[in-house]
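The structure under discussion appears below in the form of structure tokens.
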Amino acid sequence: MNIIKFISFSQLLVFIASCNVHASLSKDIDDWLKVQVPFSTIKIKNSIHPPNSVNGILIAATAKTDNSEPDYLSHWTRDSALVMDTLLSLYEKSWGSEQQAYENLFWDYAILSGKQQKMGPCQPYIKYECEAKGGPGEPRYFLDGTIWRFGWGRLQNDGPGLRASTLMRFANLYIQKTGDVEKVKNILYTPSNFQSVIKADLEYIAHNWYNKCFDIWEEIDAHHFYTRMVIRRALLDGASFAKKFNDAGAAGYYTLQVKNLEKSLEAHWNETGGYIMEQIELNSTPERPRTQRNIATILAILHSYNHQEDFYSPISDKVLSTVLQLQLDFLNEKTYEINQIKFDSNNLPLGVSVGRYLTDLYNGTIYDSPDHSKDEGNPWFLTTLAVSELYYKAALLFQSKPVTITKLNLPFFEFIGADMSKLELDKTYQPNSEQSNNIVSRLLVSAENTVRTVKKYVGGSPGTMKEQFSRHNGKQLSAPNLTWSYASVLSVDYYRNVIKNS
Ligand SMILES: *[C@@H]1O[C@H](CO)[C@@H](O)[C@H](O)[C@H]1NC(C)=O
Ligand SMILES: *[C@@H]1O[C@H](CO)[C@@H](O)[C@H](O)[C@H]1NC(C)=O
Ligand SMILES: *[C@@H]1O[C@H](CO)[C@@H](O)[C@H](O)[C@H]1NC(C)=O
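Taking mature numbering (1 follows the signal peptide of the UniProt record, and there is no 0), I'd label the letters of the sequence shown as residues -26 to -1, 1 to 476.
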């Protein structure tokens, strides 16, 4: 039987397109992920409830081994929510005792979170120095679960947004797998109890999103694109979640805040510069120079995007223009020396090593000298992999949505090596057209090149991952075994597999 006879012409095009997709993925990346993903999963699991900690703790990194490393041996609201979220895809596939083990981890995390939201300001430490303000916006906790009471950049309101999102995704999966709605209602979301853990976070962010707070990098007290995007995501999902539990009043209030948030997020678009600004007011000083271009804006897209909607989607020309400009910042030879290296030792192409923002000074050693002329930031694993993840997501979306060439996205398509002779300004190309397929395939090749850059500087198969790698020689720097670095490998692998199976 000739199968070609049984598939229509348009199906045939899809068939051809998906062949292209697979041809754009590389064997060396397949081979590396095959070992780096299980290794990263073990590292993540080791970071949960380590010795001398209480149930539900997830450490941001292992203990420092020398003075060039910062001490991240504690629990952050942000990091733990993001890392736990990457375990949900493993929970989804699990069954039997493995499923039970994941559920235990999530319940421990939820119960500890519920206690932490109610801590402070400072009562447990009346006898000691204490600067904690308390409540769901506190960023950091000791291994015994209590609030970090020393000076810190607080509050940080992305944390409760991320935590609510992770716990809602867990709750939905848990109900799907076990049918046990009651437990979710009793512990995670009780309409009449404002202190139940998910509701406590949702109420807090719904009433506080317009306040200034510290950012994802814990440096600036301002209004942030990242914080507002992840809060918007949580409130949008929160509205459906509240409806599910017959909490219509809350659902209405969250939906209203989403509308207000969207207006405020649109103001982060810089029309002249053609990029999304992480902060609108730039608190730049000679000691702490800042730029509005910041990879936090891309992480915001990754950590808040839902494939069902178009608000700042990975294929919006605003997002593509922003990710291009960020990479150009780091490609400048004066920024990162290692970006002059274009091929790995097997002569395969590399992508761009990406840091947090152009004028970053943080190398893991807390700056203590008044002279910052020698300070310089470096590329990070999780920020470099953010570019790959965005590209995989964009490639997925362009397989089903048309692409219109605009002044904003044209330079991006040129940058990733699309065939410019076939692309015309203001023209729209349908999915599976020659032009769209070429863009998808270039996005995938560029995503793979960027993963290869991380593979090179991880330096092992598998290899441990710190937070940063040197802009001069690629040597790993700063916090050892940063849990979030490992989590970023898992999320890149997840979306890459979605592509492979598409
Ligand atoms: C927008 O970007 C331009 C170019 O980078 C910059 O000069 C300007 O200050 C930015 N606008 C705002 C409102 O910050
Ligand atoms: C990090 O920066 C500090 C301060 O400028 C410097 O003393 C230190 O050597 C740097 N560390 C590394 C590993 O480059
Ligand atoms: C990472 O963690 C392992 C233990 O899991 C430890 O042996 C190693 O020294 C840590 N540090 C680095 C930089 O890998």
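Every residue, glycine too, gets a C-beta built ideally from N, C-alpha and C.
Only a predicted model underlies this, so the values are computations on that prediction, with no experimental measurement involved.
I'd like to confirm something about residue i: is its beta-carbon nearer than 8 Å to some heavy atom of ligand 2, or not?
| i | result |
| --- | --- |
| Ser42 | yes |
| Glu311 | no |
| Glu261 | no |
| Asn337 | yes |
| Glu193 | no |
| Ser327 | no |
| Glu77 | no |
| Lys8 | no |
| Lys348 | yes |
| Ser444 | yes |
Sorted by chain position, which residues of the same chain lie with C-beta nearer than 6 Å to residue i's C-beta, five sequence neighbours on each side aside?
| i | result |
| --- | --- |
| Thr201 | Asn131 and Asp132 |
| Asp467 | Leu7 and Val11 |
| Lys430 | Asp318 |
| residue 521 | Only positions -26 to 476 of the chain appear in the structure, and residue 521 is not among them; the question remains open. |
Starting from the C-beta of residue i, find all residues in its chain whose C-beta is less than 7 Å away, skip the five residues before and the five after it, and write them out in chain order.
| i | result |
| --- | --- |
| Leu356 | Trp458, Ser459 and Ser462 |
| Lys92 | Gln169 |
| Ser68 | Tyr76 |
| Glu388 | Met394 |
| Ser362 | Ala421, Thr424, Val425 and Val466 |
| Glu311 | Arg445 and His446 |
| His242 | Phe199, Ile250, Met251 and Ile254 |
| Ala110 | The residue asked about is misnamed: residue 110 is Pro in this sequence, not Ala. Closer than 7 Å at the Cβ level, and outside the excluded window around Pro110, lie Gln91, Pro134, Ala174, Asp175 and Tyr178. |
| Leu364 | Ile272, Ile275, Leu276, Pro288 and Val297 |
Heavy atom of ligand 3 less than 8 Å from the Cβ of residue i, yes or no?
| i | result |
| --- | --- |
| Pro454 | yes |
| Thr438 | yes |
| Asn411 | no |
| Lys17 | yes |
| Gln450 | yes |
| Asn20 | yes |
| Thr36 | yes |
| Thr39 | yes |
Buried or exposed: which applies to residue i, given that a residue is buried once 16 or more other Cβ atoms fall within 10 Å of its Cβ?
| i | result |
| --- | --- |
| Glu77 | buried |
| Arg114 | buried |
| Tyr469 | buried |
| Ile(-11) | Note that Ile(-11) scores a pLDDT of 46, beneath 50, so its modelled location is shaky and nothing firm can be said. |
| Leu141 | buried |
| Arg262 | exposed |
| Phe317 | exposed |
| Gly135 | buried |
| Gly325 | buried |
| Leu230 | exposed |
| Val232 | buried |
| Val57 | buried |
| Lys348 | exposed |
| Thr402 | exposed |
| His346 | exposed |
| Lys396 | exposed |
| Asn160 | exposed |
| Ile31 | buried |
| Pro260 | exposed |
| Leu359 | buried |
Is there at least one Cβ from chain D nearer than 9 Å to residue i's Cβ?
| i | result |
| --- | --- |
| Leu230 | The chain inventory of the structure shown lacks chain D, comprising one protein chain alone. |
Checking the sheet assignment: what are the DSSP bridge partners for residue i?
| i | result |
| --- | --- |
| Ala196 | Cys187 |
| Arg114 | Trp50 |
| Pro323 | Phe317 |
| Tyr163 | Partner(s): none; Tyr163 has no beta bridge. |
| Ser442 | According to the sequence as given, residue 442 is Gln; it is not Ser. Answer is Trp354 and Leu451, bridged to Gln442. |
| Asn244 | Tyr249 |
| Thr378 | Thr402 |
| Leu305 | Answer is none; Leu305 lacks a bridge partner. |
| Ile121 | Tyr115 |
| Leu32 | Ile22 |
Give me, in chain order, the residues of the same chain whose beta-carbon lies closer than 8 Å to that of residue i; leave out the 5 immediate sequence neighbours on both sides.
| i | result |
| --- | --- |
| Pro385 | Ser295 and Leu298 |
| Lys89 | Gly119 |
| Ile149 | Val155 and Val158 |
| Leu305 | Asn313 and Val326 |
| Leu456 | Ala34, Ala35, Tyr46, Phe355, Leu356, Met439, Lys440 and Glu441 |
Is there at least one non-hydrogen atom of ligand 5 closer than 8 Å to the beta-carbon of residue i?
| i | result |
| --- | --- |
| Ala180 | This structure does not include ligand 5; its bound ligands are ligand 1, ligand 2 and ligand 3. |
Query raised in the report: Whose beta carbon lies closer than 5 Å to any heavy atom of ligand 1, going through the chain in order?
Result: Asn244, Thr246 and Gly247
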